[in-house]
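Protein chains in written order, with our numbering: chain G, 1 to 248; chain U, 1 to 248.
2 protein chains.
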Amino acid sequence: MVARYELIADDLRNEIVSGALPVGSQLPSEAELAERYRAARGTVRQAVAVLAAEGLLGSRQGARRIVLGRARSQSFAELHSFAQWARANGYRFGGQVITQRRRTASAAESARLGPGEVLEVLRLRSLEGEPVLLERTVYAEWVAAAVERIPADCESVTEALYDSIGLVFAYGEHLIDAVSAGAEDARLLGVRRGSPLLRQRRVTTTHEGRPVESSDDRYRPGSVTFSIRNSIGANPLVRQAGDLRSGR
Amino acid sequence: MVARYELIADDLRNEIVSGALPVGSQLPSEAELAERYRAARGTVRQAVAVLAAEGLLGSRQGARRIVLGRARSQSFAELHSFAQWARANGYRFGGQVITQRRRTASAAESARLGPGEVLEVLRLRSLEGEPVLLERTVYAEWVAAAVERIPADCESVTEALYDSIGLVFAYGEHLIDAVSAGAEDARLLGVRRGSPLLRQRRVTTTHEGRPVESSDDRYRPGSVTFSIRNSIGANPLVRQAGDLRSGR
DNA sequence: TAAGGGAACTTGTACAAACAAGCGAGCACC
DNA sequence: GGTGCTCGCTTGTTTGTACAAGTTCCCTTA
């Protein structure tokens, strides 16, 4: 069962992407849209809220809504799962486990993932035949066994875990910065040591807020960028200062 | 006039930040909250939607809402304006124009900002007394005169433009990746040439969708990271592949 | 001609009601 | 003991109404 407001949002999004509603043009008023779709104004408001959250529409009290852009921001899965993102965009991709071992959790890892053993996996992922991303992932003890059953060349760990134990990665926190490539990074990604890498550190949890994994992902320069659309309304990205006193 | 749902959201946020509602605990049901605040259920839903958008709450049909985290995601202004972000977080900060000149827009700039002349400004910003961010900003012709009137050591360009011509930066698109420091970057930021820099390219528009500026901002390594909280619901950040065939 | 004052329009906020759909706990049954 | 089912609770969706607040544009007035 698809919600009505989703259908309306899809329809309007199509008009924007196709150019029928060009960038800079005004959207019809809520009252007009309600009549067109034979829906209540509240339902139309939910639909346009979806598009505003995607960064496609601007909104301010008293004035007509305006089309801001045509690029569609895909959902959470794209940010979280390399495979789902690559597939949605039609790229050829692959993955290969380099090393995998169990060990006891460090203090920092215990704080993030809970106490006990953890499973550390080093995974290299490729896009269009080229190595692009090096993932250093630490899994909590309660998923370690399921992760170990996954074949080394599995394309999508997210999907494998869903199929095997019904695990859903529901929430995540991501920290993005730049680091220079270490010896191992350089060798596996095929770049020179010291090359700039885009780093995404993340902690992912289930629906219940139970931590699943903590990961340090490093992208080869030029291969991938992150894109954010935002408006004066709420948006989830913030800057954070590093420790400026800890020396360079 | 502050909206009721904002007050309720503030109240609940305080309970979360203070620890009265610890991470992992369940929020009261919508019905209970509606009774507590003497508000309609719809109003309560708006309040919790705010907190969910900030990444503080998780939500799924049928189950109680769960507290996911305590860190507050600040708003758009923080991502857009260095000064507002730094001030909100209590940092000492400054800024200095290095060079500033008018020139004709390149083809790419015309496409982004509209045709005609542009104003190119190179600005160095500091945090806690250390150079941290190098901004290469290109302003559209219609704001160039106002930008030129701003003193070279102005702390907040955003605020200066609001005060002088009532300009509001309302929407933005941001691309984040890593690059290595060039000669000029290295000299001004006080790092070695080739150091990894976190780059944020952005295009900002007014309420009406009119482009104001296009900027290439480079952060010194270790000084600043970006943080995103997301959930399975809509979130505005996506990965984008670079051109993988254009050689390294 | 320029400034000011509406009036119509548009989005934002709030309330109330009803049904749909998913979750979880407890119960009965095998 | 464990499996499956039902029932109550909780969140999700939709409609309708009313008023508040901000924008836009036109028309009056100085």
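Glycine included, C-beta positions come from ideal geometry on N, C-alpha and C.
Problem - Buried/exposed call for R218(G), threshold 16 Cβ in 10 Å - result: Translated into the one-based positions of the first sequence, residue 218(G) becomes position 218. Answer is buried; the Cβ neighbour count reaches 16.
Handout entry: Cutoff 6 Å; reference E30(U); Cβ partners in own chain excluding five residues on either side
Key = To locate residue 30(U), count along the second sequence from 1; it is residue 30. Excluding positions up to five away in sequence, the list reads R41, V44.
Problem - Positions along the stretch 172 to 190 of chain U whose CB lies within less than 9 Å of some CB in chain G - result: G172, E173, H174, L175, I176, D177, A178, V179, S180, A181, G190
Exercise for the section: Flag V23(U) as yes if its beta-carbon sits less than 8 Å from any beta-carbon of chain G, otherwise no. Expected result: Here residue 23(U) refers to the residue found at position 23 when the second sequence is read from its first residue. It does; some Cβ of chain G falls within 8 Å.
Exercise for the section: Check whether the Cβ of I66(U) lies closer than 8 Å to any Cβ atom in chain G. Expected result: One-based indexing of the second sequence puts residue 66(U) at position 66. Chain G, which has a Cβ nearer than 8 Å to the Cβ of I66(U), makes this yes.
Exercise for the section: Would you mind giving the Cβ-Cβ distance between T206(G) and L167(G), rounded to the nearest angstrom? I have them listed as a contact below 8 Å. Expected result: Looking up residue 206(G) in the first sequence gives position 206. Looking up residue 167(G) in the first sequence gives position 167. So it is a contact: roughly 7 Å between Cβ atoms.
Problem - Alpha carbon of G24(U) to alpha carbon of A39(U), nearest angstrom - result: Position 24 of the second sequence, counted from the start, is the residue given in the question as residue 24(U). Position 39 of the second sequence, counted from the start, is the residue given in the question as residue 39(U). Looking at the two C-alpha atoms, the distance is approximately 26 Å.
Practice task
State yes or no: is the C-beta of L122(G) within less than 8 Å of the C-beta of A146(G)?
Solution key: Locating residue 122(G) in the first sequence gives position 122, counting from the first residue. Locating residue 146(G) in the first sequence gives position 146, counting from the first residue. Cβ distance not < 8 Å, so L122(G) and A146(G) don't count as in contact.
Handout entry: Interface flag, G58(G) vs chain U, CB-CB below 8 Å
Key = The residue you call residue 58(G) lines up with position 58 of the first sequence. Closer than 8 Å to some Cβ of chain U, the Cβ of G58(G) qualifies, so yes.
Handout entry: the stretch 118 to 134 of chain G touching the stretch 88 to 106 of chain G, judged by at least three CB pairs closer than 8 Å
Key = yes
Problem - Limits of the unbroken beta strand (DSSP E) element including L122(G) - result: Indexing the first sequence from 1 puts residue 122(G) at position 122. Taken as a continuous stretch (DSSP letters only), the beta strand (DSSP E) holding L122(G) covers 117 to 127.
Problem - Beta bridge counterpart(s) of L134(U) as assigned by DSSP - result: Reading the second sequence from its first residue, position 134 is the one you call residue 134(U). Answer is L124(U), R218(U).
Handout entry: Nonlocal neighbours in the same chain, by C-beta distance under 7 Å from E128(G), ignoring five residues either side
Key = Reading the first sequence from its first residue, position 128 is the one you call residue 128(G). So the qualifying residues of the chain are Y91, R92.
Exercise for the section: Consult DSSP for A178(G) and reduce its assignment to one of helix, strand or coil. Expected result: Numbered from its first residue, the first sequence carries residue 178(G) at position 178. Correct three-state label for A178(G): strand.
Problem - DSSP-derived helix/strand/coil call for Q84(U) - result: In the second sequence, the residue the question calls residue 84(U) occupies position 84. Helix at Q84(U).
Practice task
Kindly indicate which three-state DSSP category R60(U) falls into: helix, strand or coil?
Solution key: As a position in the second sequence, residue 60(U) is number 60, starting the count at 1. In this structure, R60(U) counts as strand in the three-state DSSP scheme.
Exercise for the section: Measure the Cβ-Cβ separation of H80(U) and T137(U) and say whether it is below 8 Å. Expected result: Counting from one through the second sequence, the residue named residue 80(U) turns up at place 80. Counting from one through the second sequence, the residue named residue 137(U) turns up at place 137. Contact: no.
Handout entry: Buried or exposed (CB count within 10 angstroms, at least 16 for buried), R64(U)
Key = Here residue 64(U) is taken as the residue at index 64 of the second sequence, counted from 1. The residue is exposed, with fewer than 16 neighbouring Cβ atoms inside 10 Å.
Exercise for the section: For S18(G), decide whether its Cβ has a neighbour in chain U, counting only Cβ atoms nearer than 8 Å. Expected result: Within the first sequence, residue 18(G) is the residue found at index 18, counting from 1. No, no contact with chain U.
Practice task
Anything in chain G within Cβ reach of G209(U), meaning under 8 Å, just list it in chain order.
Solution key: The residue you call residue 209(U) lines up with position 209 of the second sequence. Going along chain G in sequence order, the residues near G209(U) (Cβ under 8 Å) are V23, G24, G58, I66, V67, L68.
Exercise for the section: With a 10 Å radius around its C-beta and 16 neighbouring C-beta atoms as the bar for buried, classify G222(G) as buried or exposed. Expected result: Along the first sequence, one-based indexing puts residue 222(G) at 222. Under this definition G222(G) is a buried residue.
Handout entry: Segment limits, alpha helix (DSSP H) that includes L7(U)
Key = Counting from 1 along the second sequence, the entry for residue 7(U) is found at position 7. First-last of the alpha helix (DSSP H) with L7(U): 4 to 18.
Problem - Delimiting residues of the beta strand (DSSP E) encompassing L197(G) - result: Taking the first residue of the first sequence as 1, we reach residue 197(G) at position 197. Where L197(G) is concerned, the enclosing beta strand (DSSP E) stretches over 196 to 205.
Exercise for the section: List the residues of chain G whose Cβ lies closer than 7 Å to the Cβ of P196(U), in chain order. Expected result: Counting from one through the second sequence, the residue named residue 196(U) turns up at place 196. Chain G residues near P196(U): A178, V179, S180, P196, L197.
Handout entry: C-alpha distance - L134(U) paired with R199(U), whole-angstrom precision
Key = By one-based count along the second sequence, residue 134(U) stands at place 134. By one-based count along the second sequence, residue 199(U) stands at place 199. For L134(U) and R199(U), the distance between alpha carbons rounds to 10 Å.
Practice task
Could you name the residues of the same chain whose beta carbon sits closer than 8 Å to that of P131(U), not counting the 5 residues immediately before and after it, in chain order?
Solution key: For the purposes of this step, residue 131(U) is identified with residue 131 of the second sequence, where counting begins at 1. Excluding sequence neighbours, P131(U) sits near L124, R125, L188, L189, G190, R220.
Exercise for the section: Could you tell me whether the Cβ of G28(U) comes closer than 8 Å to any Cβ of chain G? Expected result: Position 28 of the second sequence, counted from the start, is the residue given in the question as residue 28(U). Gly is not the amino acid found at residue 28(U); the sequence shown has Pro there. With 8 Å as the cut-off, P28(U) does not count as an interface residue toward chain G.
Practice task
Anything in the stretch 139 to 153 of chain U with a Cβ closer than 7 Å to a Cβ of chain G? List those residues in chain order, please.
Solution key: none
Practice task
Please confirm whether A140(U) and E213(U) have their CB atoms less than 8 Å apart.
Solution key: Here residue 140(U) corresponds to residue number 140 of the second sequence, with the count starting at 1. Here residue 213(U) corresponds to residue number 213 of the second sequence, with the count starting at 1. In contact: A140(U) and E213(U) (Cβ atoms closer than 8 Å).
Exercise for the section: Could you check the C-alpha separation between S290(G) and L21(G) for me, to the nearest Å? Expected result: What the structure shows of chain G is the stretch from 1 to 248, and residue 290(G) is not part of that stretch, so it cannot be assessed.
Practice task
Quick one: which residues of the stretch 104 to 122 of chain G get their C-beta closer than 7 Å to a C-beta of chain U? List them in chain order.
Solution key: none
Practice task
Would you give the residue range spanned by the beta strand (DSSP E) that V97(U) belongs to?
Solution key: Against the second sequence, residue 97(U) aligns to sequence position 97. Segment 93 to 104, the beta strand (DSSP E) holding V97(U).
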